[in-house]
């Protein structure tokens, strides 16, 4: 057997996966993940994430993906695919191109966004950050249709069942149910826009945002948490923590 061929195959395999905590392996190649899911008759869980800057992505990883409960469920039911859009970590140009194509293919507008594909590669569910740890997250994704879920969860102490929760069809708001914040949109100014057609950034007051990112923004006499909902050609749509309505800020101050 040609040793160079063996090394090339191994390197290709390693390049298509990224190991995470709690013993899980996240594949980074879409075609590899779909093919593996078909062979093993599993679903695919796609995690669109900003792994090194998105606060809610980091919380989801710590609260759900790094837990033994989710690990057991995922190993029995999922092929895991990570589609990352980091700011500090550098991806290869080829990986970035593929990630951008997947973002466009699935219409991803914010992070984290989770897509569930059935074993045939069909998208059957879409959600975002789910409060309540691994149990609530598993409960939510198990409502995806056309999938025969296998039970393989570690034993845990009994607790009252959580209230019913419907799987959302868009990224869930990270502060749903929180008290309404004081509206101070007049103190917010969009001072700049940058990036490419697929990766855009907006500068609001003292903070730079990507779509789906939250950060604390300084006002005249206070500081509030703000969510960047959408970046448009010459404007950005934002939302205060706890607020129901959104506000569009224009680059020219209109």
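Numbering (our numbering), first residue to last: 42 to 295. We treat Cβ as the ideally placed atom computed from N, Cα and C, and that holds for glycine.
Since residue i and residue j are thought to touch, with beta carbons under 8 Å apart, how far apart are those beta carbons, to the nearest angstrom?
i, j, result
"residue 111", "residue 175", "4 Å"
"residue 160", "residue 82", "5 Å"
"residue 239", "residue 145", "7 Å"
"residue 118", "residue 190", "6 Å"
"residue 258", "residue 229", "7 Å"
"residue 155", "residue 169", "7 Å"
Tell me, which residues are paired with residue i by DSSP?
i, result
"residue 235", "242"
"residue 189", "Answer is none; residue 189 lacks a bridge partner."
"residue 266", "257"
"residue 155", "88, 168"
Kindly indicate which residue of the options has the alpha-carbon position closest to the one of residue i.
i, options, result
"residue 125", "114, 117, 141", "141"
"residue 241", "273, 258, 230, 181", "273"
"residue 236", "166, 275, 228", "275"
"residue 86", "289, 136, 116, 281", "116"
"residue 231", "70, 118, 291", "291"
"residue 162", "182, 138, 78", "78"
"residue 164", "147, 172, 170", "147"
"residue 99", "127, 65, 179", "127"
"residue 64", "244, 180, 265, 102", "102"
"residue 132", "244, 166, 93, 183", "93"
"residue 243", "265, 227, 260, 278", "278"
"residue 227", "184, 281, 166", "281"
"residue 157", "91, 184, 138, 107", "184"
"residue 137", "107, 91, 167", "91"
"residue 84", "188, 288, 265, 286", "188"
"residue 181", "287, 114, 288", "114"
"residue 178", "286, 106, 89, 96", "106"
I need the DSSP call for residue i, collapsed to helix, strand or coil.
i, result
"residue 178", "helix"
"residue 141", "helix"
"residue 274", "coil"
"residue 249", "strand"
"residue 290", "strand"
"residue 257", "strand"
"residue 279", "strand"
"residue 123", "strand"
"residue 118", "helix"
"residue 184", "coil"
"residue 132", "coil"
"residue 162", "coil"
"residue 107", "coil"
"residue 96", "helix"
"residue 81", "helix"
"residue 102", "helix"
"residue 230", "coil"
"residue 147", "coil"
With a threshold of 7 Å, establish whether the CB of residue i neighbours any heavy atom of the ligand PLP.
i, result
"residue 81", "By its list of ligands, the structure shown contains no ligand whatsoever, and the ligand PLP lies outside what it can speak to."
**Prompt:** Hey, is the segment 242-259 in contact with the segment 142-152, meaning 3+ C-beta pairs nearer than 8 Å?
**Reply:** yes
**Prompt:** Is the number of C-beta pairs between the segment 71-90 and the segment 117-133 that are closer than 8 Å three or more?
**Reply:** At 8 Å Cβ cutoff, the stretches touch.
**Prompt:** Is it a yes or a no for the segment 268-278 touching the segment 238-249, going by three-plus beta-carbon pairs under 8 Å?
**Reply:** yes
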